[in-house]
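**Q**
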Amino acid sequence: MKELKELVETIVQSLVDHPEEVVVTETLDEHTITYVLSVHDEDVGKVIGKQGRTIHAIRTVVHAAASQQPKRVIVHVKDKG
Amino acid sequence: MKEVTATAATVDEAVQLALNQLGISKDRAEVTVLDEGKKGFLGLFNKPAVVKVKVLVNPIEEAETFLKNIIQKMGVEASVERIESEKEIRLIISGEKIGLLIGKHGQTLNSLQLLTQLVVNRYAEHYVPIIVDAENYRERRKEALVQLAHKLAEKAIKTGQEVKLEPLPAYERKIIHAVLSDNRKVTTFSVGTEPHRYIVVAPVK
Numbered sequence: 014m015k016e017l018k019e020l021v022e023t024i025v026q027s028l029v030d031h032p033e034e035v036v037v038t039e040t041l042d043e044h045t046i047t048y049v050l051s052v053h054d055e056d057v058g059k060v061i062g063k064q065g066r067t068i069h070a071i072r073t074v075v076h077a078a079a080s081q082q083p084k085r086v087i088v089h090v091k092d093k094g
Numbered sequence: 417m418k419e420v421t422a423t424a425a426t427v428d429e430a431v432q433l434a435l436n437q438l439g440i441s442k443d444r445a446e447v448t449v450l451d452e453g454k455k456g457f458l459g460l461f462n463k464p465a466v467v468k469v470k471v472l473v474n475p476i477e478e479a480e481t482f483l484k485n486i487i488q489k490m491g492v493e494a495s496v497e498r499i500e501s502e503k504e505i506r507l508i509i510s511g512e513k514i515g516l517l518i519g520k521h522g523q524t525l526n527s528l529q530l531l532t533q534l535v536v537n538r539y540a541e542h543y544v545p546i547i548v549d550a551e552n553y554r555e556r557r558k559e560a561l562v563q564l565a566h567k568l569a570e571k572a573i574k575t576g577q578e579v580k581l582e583p584l585p586a587y588e589r590k591i592i593h594a595v596l597s598d599n600r601k602v603t604t605f606s607v608g609t610e611p612h613r614y615i616v617v618a619p620v621k
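Here the protein sequences come in this chain order: B and S. Taking our numbering as reference, the numbering of the first sequence is continuous, increasing by one, and the terminal residue is 94. Taking our numbering as reference, the numbering of the second sequence is continuous, increasing by one, and the terminal residue is 621.
1) Any C-beta of chain B sitting closer than 8 Å to the C-beta of residue 535 of chain S?
2) From the beta carbon of residue 34 of chain B, is the nearest beta carbon of chain S less than 8 Å away?
3) Closest by CA to residue 535 of chain S, which one among B:16, B:17, B:30 and B:18?
4) For residue 461 of chain S, which of helix, strand or coil comes out of DSSP?
5) Could you list which residues in chain S have their beta carbon closer than 7 Å to that of residue 27 of chain B, in chain order?
6) Using a Cβ-Cβ cut-off of 8 Å (strictly less than) and excluding sequence neighbours within five positions of residue 480 of chain S, which residues of its own chain qualify?
7) Give the DSSP bridge partners of residue 37 of chain B, in chain order.
8) Considering just the uninterrupted stretch of the beta strand (DSSP E) at residue 587 of chain S, what are its terminal residues?
9) Sorted by chain position, which residues of the same chain lie with C-beta nearer than 6 Å to residue 657 of chain S's C-beta, five sequence neighbours on each side aside?
10) Residues of chain S with CB under 9 Å from residue 66 of chain B, in chain order?
11) Count the CB pairs spanning the stretch 440-447 of chain S and the stretch 80-89 of chain B that are closer than 8 Å, and state whether there are at least three.
12) Is it buried or exposed, residue 531 of chain S, if we count other Cβ atoms within 10 angstroms and call 16 or more buried?
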């Protein structure tokens, strides 16, 4: 799903201070697509947001876009350290 | 924030060089002269001019572009109209598959609004309230919430018991608080932490 990956990248790059360090990796299996977001250390909080509000909004938008295809979509923020 | 420092024989030339590098016109730039330069004798001891040019971004334009980009990448054909007032900026989406952009109880629309708000605040000096709307959803939702508020107030008065609502976003709770503030037979308050904060309508004893 090229468009979905681009969607995730576009959203995240627009929110962070270090857009050049945004890396989105896509893993496909039979029923799911998983996106793992890797960002600059200082940007982790920005992507997650207060009480997870931002990552929740990102997931909601990605899920809406993904509803046009059959696979389930998961979005994670990569754990550092 | 994008900026470049340029060096040339004169200030004007340095500014032009920087603008060319950034690919913008002068009205979209903030220029700081770091060194005015000096013309030496017979081309000897020349000191070049140094300027710093910064791209000025319009936060609202950034937000609008962001929203349009996201909608397009979501695979939806839609246009965005911008209405600016003193109070707020409204970005109104219209086109096909709007239901997909609104989502259940407007949750997708609310998420798009939150993300757009974050983009604006990255660039804006002060807080600019952004409303993202589609097919008049906000107005329809408001009417539904007003009706719901009156119904629940009646229920609370009739049963003498507190009535709890589903969790709602802050500005939707505000609509309910406002509507019922005129009703002396009930009082309203919110319980819980975001995003699960909900309203309780309680009868006044």
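Heads up, the beta-carbon is just placed ideally off N, CA and C, and yes, glycines get one too. Small disclaimer: the values here were computed from a predicted structure and weren't measured.
**A** To lay it out plainly:
1) yes
2) no
3) B:30
4) coil
5) 482 and 535
6) 496, 498 and 507
7) B:50
8) Residue 587 of chain S -> not in any beta strand (DSSP E); alpha helix (DSSP H) instead, spanning 586-596.
9) This structure leaves residue 657 of chain S out entirely; chain S is present only between 417 and 621.
10) 530, 610 and 611
11) no
12) buried
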